[in-house]
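Shown next, in structure tokens, is the structure this report addresses.
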Amino acid sequence: MRLSHSLIPTLKETPAEAQIASHRLMLRAGLVRQTSAGIYAWLPLGCRVLRNIERIVREEQDAAGAQECLMPTIQPAELWRESGRYDDYGKEMLRLRDRHDRELLYGPTNEEMITDLLRQSVRSYRELPQILYHIQWKFRDEVRPRFGVMRGREFLMKDAYSVDLDYAGAVVTYRKMMLAYMRTFQRMGLRAIPMEAESGPIGGDLSHEFIILAPTGESQVYYDAAFEEMDYLSRGAGGFRHESADDLHRFFTEMTSHYAATDEKHDTAAWEKVAPERRREGRGIEVGHIFYFGAKYSKAMGFSVAGADGKPVTPEMGSYGIGVSRLVGAVIEASHDEAGIIWPDAVAPFKAVILNLKRGDAACERLCEDLYARLGQAALYDDREDRAGVKFADADLMGHPWQIVVGPRGAAAGMVELKRRASGERQEVSPESALARIG
RNA sequence: CGGGGCGUGGCGCAGCCUGGUUAGCGCGCGUGUUUUGGGUACACGAGGCCGCCGGUUCGAAUCCGGCCGCCCCGACCA
94 MRLSHSLIPT LKETPAEAQI ASHRLMLRAG LVRQTSAGIY AWLPLGCRVL
144 RNIERIVREE QDAAGAQECL MPTIQPAELW RESGRYDDYG KEMLRLRDRH
194 DRELLYGPTN EEMITDLLRQ SVRSYRELPQ ILYHIQWKFR DEVRPRFGVM
244 RGREFLMKDA YSVDLDYAGA VVTYRKMMLA YMRTFQRMGL RAIPMEAESG
294 PIGGDLSHEF IILAPTGESQ VYYDAAFEEM DYLSRGAGGF RHESADDLHR
344 FFTEMTSHYA ATDEKHDTAA WEKVAPERRR EGRGIEVGHI FYFGAKYSKA
394 MGFSVAGADG KPVTPEMGSY GIGVSRLVGA VIEASHDEAG IIWPDAVAPF
444 KAVILNLKRG DAACERLCED LYARLGQAAL YDDREDRAGV KFADADLMGH
494 PWQIVVGPRG AAAGMVELKR RASGERQEVS PESALARIG
């Protein structure tokens with residue numbers, strides 16, 4: 094994209110409502126604009142980040158054997174009456190009526206709907222297990238939206254739902270999702286820690302939330318230093334396979350054998366047993382939550398399949414959520430400095446920005462156009478009129494992993510300056526080696 | 001939902017208490033000149049239902065009432 098023709102409204106000053114770093118930076122870098130309390134419009138730059146995160150989530154869900162589908166945002170009230178949650182969910186649920194006065198709601202989650210879909214089509218134990226997911230906008234009428242997209246009322250969520258014939262199968266599926274989640278966050282440059290959690294309104298008895306550490310997080314967390322040493326996930330495929338129940342078991346054991354808890358679940362007795370020098374506390378942001386809830390919905394909604402003996406069996410289910418839009422804020426919380434965002438390569442809206450420091454200079458123009466043509470959609474070309482200071486400041490603010498600085502001095506010699514945003518390291522290189530470094 | 005605060009050009013704010021000329025400042029924006037290697041300087045200029053409705057008054061951004069919106073602190077959540 095050419096910056097001169099892009100809607101990327103950067104701000105020099107911080108809007109008054111933004112309290113935390115990610116919110117401030119998302120507004121200043123032109124990623125989002127608020128349209129109502131807790132509801133945001135995603136501008137081109139923010140939209141690209143959102144899509145990148147979505148893509149990683151999708152790839153890891155697919156790798157775990159989950160099938161993508163897309164359920165509607167609007168749901169009929171009857172389904173929620175069946176599960177009993179129409180009343181339980183309270184004011185968080187946005188209720189609507191259509192022209193025929195039928196009761197509808199804007200979905201805060203989809204257990205009922207998926208159960209309805211499954212009971213219509215799944216008849217036999219032979220069709221199990223199944224994992225389905227979708228990435229769809231949700232609405233929860235939070236009492237107090239805050240922290241920008243981290244606690245919005247409207248938010249983009251990946252939610253997956255699993256059905257297994259029995260408990261043993263459900264546990265394997267649960268572990269699969271845990272593995273997929275750890276890989277997902279890892280790929281975004283985040284260190285996530287699974288912590289035992291309350292199952293809340295979803296119900297059920299096995300539940301973990303995935304917390305990433307950031308000083309502005311909403312929950313107080315306690316964990317064993319072991320989680321800081323777990324870098325084997327980053328070594329890639331060598332580790333655990335979704336197909337192997339044994340691998341999944343080893344993985345799950347590894348993840349759950351060290352102490353980790355949010356303040357709600359904090360167990361002082363267990364904490365005392367952790368060696369003092371290995372105790373870590375801090376603030377955390379919840380970016381994912383997985384639940385095994387057994388037959389809670391299948392039973393309430395009459396979902397059964399024929400078992401091997403021909404008799405009906407009530408399947409075991411689970412649900413698995415990742416806050417996709419929240420992750421945009423969470424990544425920024427985890428990776429920024431005074432000057433702006435520092436995007437991890439995998440989620441960056443652009444791999445590189447090309448800074449043309451001298452519009453109209455033949456050598457500069459030629460070099461920039463050439464680089465831009467070769468980088469294509471991977472690059473943002475800052476082709477605005479010459480205001481070097483503004484360009485540098487905006488580039489830092491927007492946080493592109495690489496900055497290619499093309500000025501008349503270097504261009505005359507056919508050289509550019511390549512700067513790495515994260516380290517600040519810069520070097521004079523040929524355009525070819527700049528392209529090679531950026532990859 | 002309880003407690004607090006704020007609504008004045010795109011952003012950040014002043015003015016309001018003590019009503020009275022064309023409603024001001026900084027940033028941003030436009031034009032020109034000058035600059036240009038880390039938010040360049042100067043000049044000129046555009047841009048405002050002073051959140052909305054009603055009341056008081058000769059006269060309301062300013063006083064009074066109601067409403068709406070937004071933010072912050074607490075109890076809940078991907």
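The first sequence begins at 94 in this note's numbering and counts up one residue at a time. C-beta: ideal position from N, C-alpha, C; glycine also. It should be emphasised that the depicted structure is a prediction, and the values quoted were computed from it without experimental measurement.
Handout entry: Per-residue burial, Ala330 [other beta carbons within 10 Å of its own, 16 or more giving buried]
Key = Numbered from its first residue, the first sequence carries residue 330 at position 237. The pLDDT assigned to Ala330 is 45, lower than 50, so where the model puts this residue is not dependable; a value taken from the coordinates is nonetheless given after this. With a 10 Å radius around the Cβ and a threshold of 16 neighbouring Cβ atoms, Ala330 comes out exposed.
Practice task
Taking the CB atoms as reference points, tell me whether Thr266 and Asp257 lie closer together than 8 Å.
Solution key: Here the question's residue 266 lines up with position 173 in the first sequence. Here the question's residue 257 lines up with position 164 in the first sequence. Yes. Within cutoff.
Problem - Where Tyr315 sits in the DSSP three-state scheme - result: Sequence index remark: in the first sequence, residue 315 carries index 222 (1-based). Here Tyr315 sits in strand by DSSP.
Handout entry: CB of Ala353 within 8 Å of CB of Tyr316, strictly
Key = One-based indexing of the first sequence puts residue 353 at position 260. One-based indexing of the first sequence puts residue 316 at position 223. With respect to Tyr316, Ala353 sits close: the two C-beta atoms are nearer than 8 Å.
Practice task
Would you check if there are 3 or more beta carbon pairs closer than 8 Å linking the region 437-450 to the region 469-483?
Solution key: Enough Cβ pairs lie closer than 8 Å, so yes.
Exercise for the section: Could you tell me which residues DSSP puts in a beta bridge with Thr277? Expected result: In the first sequence, the residue the question calls residue 277 occupies position 184. Paired residues: none, contrary to the question.
Handout entry: Proximity of Thr361 and Val314 at Cβ, strictly below 8 Å
Key = Walking along the first sequence from the start, residue 361 turns up at place 268. Walking along the first sequence from the start, residue 314 turns up at place 221. Remark: C-beta atoms of Thr361 and Val314 do not approach each other more closely than 8 Å.
Practice task
Using only alpha-carbon positions, find the residue among Val522, Glu175, Tyr254 and Leu187 that is nearest to Ile167.
Solution key: Position 74 of the first sequence holds residue 167. Looking at the Cα atoms, Leu187 is the closest of the given residues.
Practice task
State the Cα-Cα distance for the pair Ala109 and Leu120, rounded to the nearest angstrom.
Solution key: Position 16 of the first sequence, counted from the start, is the residue given in the question as residue 109. Position 27 of the first sequence, counted from the start, is the residue given in the question as residue 120. In a straight line, the C-alpha of Ala109 is about 11 Å away from that of Leu120.
Exercise for the section: Could you name the residues that DSSP lists as bridge partners for Thr103? Expected result: Within the first sequence, residue 103 is the residue found at index 10, counting from 1. The partner list for Thr103 (beta bridge, DSSP) is empty, contrary to what the question assumes.
Handout entry: Per-residue DSSP class, three states only, for Phe443
Key = Stepping through the first sequence from its first residue, residue 443 is reached at position 350. Coil, per DSSP.
Problem - Rounded C-alpha distance that separates Ala423 from Glu379 - result: Residue 423 sits at position 330 when you count from the first residue of the first sequence. Residue 379 sits at position 286 when you count from the first residue of the first sequence. Distance between the alpha carbons of Ala423 and Glu379: 9 Å.
Handout entry: N-terminal and C-terminal residue of the alpha helix (DSSP H) that Leu198 is part of
Key = Position 105 of the first sequence, counted from the first residue, corresponds to residue 198. Looking at the DSSP string, Leu198 is not in any alpha helix (DSSP H); the run it does join, the beta strand (DSSP E), is Glu196 to Tyr199.
Problem - Sub-8 Å separation of Ser66 and Arg376 beta-carbons - result: This structure leaves residue 66 out entirely; the chain is present only between 94 and 532.
Handout entry: contact_flag[the region 415-431, the region 201-208] where n(CB pairs < 8 Å) is 3 or more
Key = Too few Cβ pairs lie closer than 8 Å, so no.
Problem - Where His207 sits in the DSSP three-state scheme - result: For the purposes of this step, residue 207 is identified with residue 114 of the first sequence, where counting begins at 1. Here residue 207 turns out to be Ile, not His, going by the sequence shown. Look at Ile207 here: in three-state DSSP terms it is helix.
Exercise for the section: Determine the direct distance from the alpha carbon of Thr103 to that of Asp487, and round the result to whole angstroms. Expected result: Mapped onto the first sequence, residue 487 falls at position 394. Mapped onto the first sequence, residue 103 falls at position 10. Between Asp487 and Thr103, the C-alpha separation is close to 7 Å.
Exercise for the section: Drop a sphere of 10 angstroms on the beta-carbon of Arg535, count the other beta-carbons inside from all chains shown, and report buried for 16 or more, exposed for fewer. Expected result: One cannot answer for residue 535 here, as it falls past the ends of the chain, which runs 94 to 532.
Practice task
Assign Glu357 to one of two classes, buried (16 or more other C-beta atoms within 10 Å of its C-beta) or exposed (fewer than that).
Solution key: Position 264 of the first sequence, counted from the first residue, corresponds to residue 357. Under this definition Glu357 is an exposed residue.
Handout entry: Segments assigned beta strand (DSSP E), at least 3 residues, entirely inside the region 364-391
Key = Fully enclosed beta strand (DSSP E) runs of 3 or longer: 372-387.
Exercise for the section: Out of Gly381, Ser526, Gly517 and Pro408, state which residue places its alpha-carbon closest to the alpha-carbon of Arg216. Expected result: Along the first sequence, one-based indexing puts residue 216 at 123. Looking at the Cα atoms, Pro408 is the closest of the given residues.
Practice task
Could you give the DSSP three-state label for Arg514: helix, strand or coil?
Solution key: Residue 514 sits at position 421 when you count from the first residue of the first sequence. Note: Arg514 maps to coil in three-state DSSP.
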